[in-house]
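Reviewing the structure listed below.
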Amino acid sequence: MSNKMKILQFRKLSGPNYWSLRPCIQMLLDIGDLEELPTNMIDGFYERFTEALPTIHEHRCSVGKAGGFFQRVEEGTWMGHVVEHTALELQTLAGMDTGFGRTRETGDTGIYHVVYSYIVSEVGKRAGELSVDLCEKLIRGNKYDLDAIVQELKELRERYKMGPSTSSIVDEAVSRGIPFTRLNRGSLVQLGYGTNQKRIRATMTGETSSLAVDFAGDKWETKELLEKHGIPVPKGMETRNFESAFEAAQRWGYPLVVKPTDGNHGRGITVGVDNDDLFKHAWEAAKAQSKNGYIIVEAMLTGFDFRLLVINGNLVAAAKRVPAHVTGDGKQTIQQLIDEENENPLRGYGHENILTEIDVDHQTKRLI
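Residue 367, in numbering that gives the first Met the number 0, is where the sequence shown stops; the numbers in between run on with no holes.
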C-alpha cells in the first residue's frame with residue numbers, strides 16, 4: 000500500500016453554506032489505500048499523532064468532552080477525519096481559532112468532503128495542504144518540523160489577513176449581527192447587504208470625501224493646511240531635487256527629519272539626521288519608499304507621539320506611542336536583551352498580540 004492521499008479540489012465557501020453559517024474550506028480528498036486502514040490499524044500512529052499535536056486534546060469531537068478526538072483516533076477513525084482536525088489545529092496554533100469541521104463520504108470509495116472553517120482563506124487552504132502532508136509523515140513515522148509549519152501559516156496570516164483597524168470594525172459588526180463580505184485581499188469590506196450596505200477600507204467609510212483622503216495622504220499639503228489654521232509646524236521644504244534639499248540642510252543645520260511625502264507606516268522616514276553622510280542615506284531611504292518622488296526635509300522637534308481616535312466628530316480615545324526599546328544591564332548584549340523582551344507574553348508575531356516582536360532592521364543598527 001502507498002498510504003498516499005491526494006487533494007482533488009479546494010472550494011472556498013465565503014458565506015453561509017451547506018455545511019455551516021461560517022466561512023469554510025471544502026476539500027475533496029482521496030485517501031486512497033487508507034480507506035482500508037482506519038487509524039487503529041496503523042501501527043504507532045496514535046502515539047505519533049498525540050505527541051505531534053498534543054493540543055488537539057481540546058477537540059471534543061462527537062464524544063462531547065476534552066480528549067474526545069484522541070479517543071476516536073485510538074478506537075479507529077478514517078484519515079479524512081484526522082486531516083480535518085489537523086487543519087483546524089494548525090490554524091489555531093498559528094493564532095486563528097476557527098473551531099468548526101465536518102468530514103463526510105461522497106459516495107465514491109475513499110473520497111471524502113473534508114470541511115473546516117477559516118479566518119483567512121489563504122491560510123485555511125494552506126493548512127489543508129500541510130495537514131495532508133503532516134498526516135502522511137506521521138503514518139510513515141517520518142520526520143516533520145511543526146514549528147516551521149506553524150511559522151509558515153503565521154506569515155501567510157500576516158500577509159493576507161485584515162489589518163487591526165479593519166478587524167476591530169468587522170468584529171464589532173459581527174457582534175451586532177451585521178454580515179460582512181471581504182471584497183479584496185486588502186481592507187475593502189462590505190457591511191450588510193442591499194440598500195443597507197456600507198463599504199469601508201480600514202477606517203475610511205463611504206462617507207469620507209475624496210478631498211479628505213487626498214489631504215491625509217499628502218504630508219506636505221496636510222502641513223500647509225495646519226499652518227494656515229495657526230497650528231505650529233516645523234520649518235521645512237518639499238522637493239524632488241537632492242541638491243536643493245542638501246543646501247537647505249546646510250542652511251538650517253542639524254538635526255533634521257527626512258521622509259517621503261506620500262509614505263505610511265513610518266516607511267522611509269529617518270529622524271535624528273545629524274550629519275551629511277546620514278542625510279544622503281536618509282534621502283535614498285525616503286526616495287525608495289516614495290511613489291511621487293517628493294521628499295520632505297524639516298527641522299526635528301522632540302516630544303511625545305500620540306494617536307487620536309475620532310468617531311463621528313468626537314474624540315473618544317488617545318494613545319501615547321512608545322517605540323520598542325530595551326535597557327542595558329551591563330551584562331547582556333543588545334541582541335540578548337531584544338530576545339529576552341520578545342519572550343514577553345504581551346508580544347507576538349505580527350498583529351497576533353497587543354505588542355509586536357522587536358525586529359532588528361537597518362534603523363536599529365543605525366542607532367547602535
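The beta carbon of each residue, even a glycine, is placed where N, CA and C say it ideally should be.
| query | result |
| --- | --- |
| K11 beta carbon less than 8 Å from that of I24 | yes |
| Beta strand (DSSP E) runs wholly inside the region 4 to 84, at least 3 long, in chain order | 5 to 12 and 23 to 29 |
| DSSP beta-bridge partners of K258 | I295 |
| Buried/exposed call for S61, threshold 16 Cβ in 10 Å | exposed |
| Simplified DSSP assignment, three categories, for K142 | coil |
| Three-state secondary structure assigned by DSSP to G347 | strand |
| Delimiting residues of the beta strand (DSSP E) encompassing L308 | D304 to I310 |
| Environment of L382 [buried if 16+ CB atoms lie within 10 Å] | Only positions 0 to 367 of the chain appear in the structure, and residue 382 is not among them; the question remains open. |
| Within 8 Å, strictly: CB atoms of Q70 and L152 | no |
| Simplified DSSP state of Q189, which is helix, strand or coil | strand |
| Contact belief for R239 with G292 at Cβ below 8 Å, rounded distance in angstroms | 5 Å |
| Nearest-angstrom Cα separation, counted from S174 out to S167 | 11 Å |
| Distance between A51 and V114 (C-alpha atoms, nearest Å) | 22 Å |
| Beta-bridge pairing of A284 - partner residues as DSSP gives them | According to DSSP, A284 bridges with nothing at all. |
| Distance CB(G267)-CB(S289) smaller than 8 Å | yes |
| Spatially closest choice to A147 from S164, G216, G67 and A126, by CA coordinates | A126 |
| Straight-line gap, V359 to G94 (C-alpha atoms, nearest Å) | 23 Å |
| Other residues of its chain near S120: CB distance less than 6 Å, five sequence neighbours each side excluded | K11 |
| Classification of I353 by the beta-carbon crowding that lies within 10 angstroms, buried from 16 upward | exposed |
| Pairwise C-alpha distance: V81 and G100 | 11 Å |
| Beta-carbon gap between I230 and V257 smaller than 8 Å | no |
| Neighbour-count burial assignment, R103, 16 or more Cβ in a 10 Å radius | exposed |
| T54 beta carbon less than 8 Å from that of L92 | yes |
| According to DSSP, residues forming a beta bridge with N240 | The partner list for N240 (beta bridge, DSSP) is empty, contrary to what the question assumes. |
| Within 8 Å, strictly: CB atoms of E351 and N341 | no |
| Alpha carbon of T38 to alpha carbon of Y117, nearest angstrom | 25 Å |
| E242 versus D132: straight-line alpha-carbon distance, rounded | 57 Å |
| Opening and closing residue of the beta strand (DSSP E) in which E104 lies | G100 to E104 |
| Chain-order list of residues whose beta-carbon lies under 6 Å from that of L190 (same chain, five-residue window excluded) | A172, I177, F179 and K197 |
| Simplified DSSP state of S116, which is helix, strand or coil | strand |
| Runs of alpha helix (DSSP H) wholly within the region 155 to 227 (minimum 4 residues, chain order) | 163 to 174, 209 to 216 and 218 to 227 |
| Proximity test, Cβ basis, 8 Å: Y45 and chain C | Of the protein chains in this structure there is only one, and it is not chain C. |
| Exposed unless 16 or more other CB atoms sit within 10 angstroms - verdict on S130 | buried |
| Nearest-angstrom Cα separation, counted from I138 out to L36 | 11 Å |
| Cross-strand partners of V270 (DSSP beta bridge) | DSSP lists no partner for V270. |
| Proximity to F48 [Cα-Cα], best of Q331, L255, V315 and C134 | C134 |
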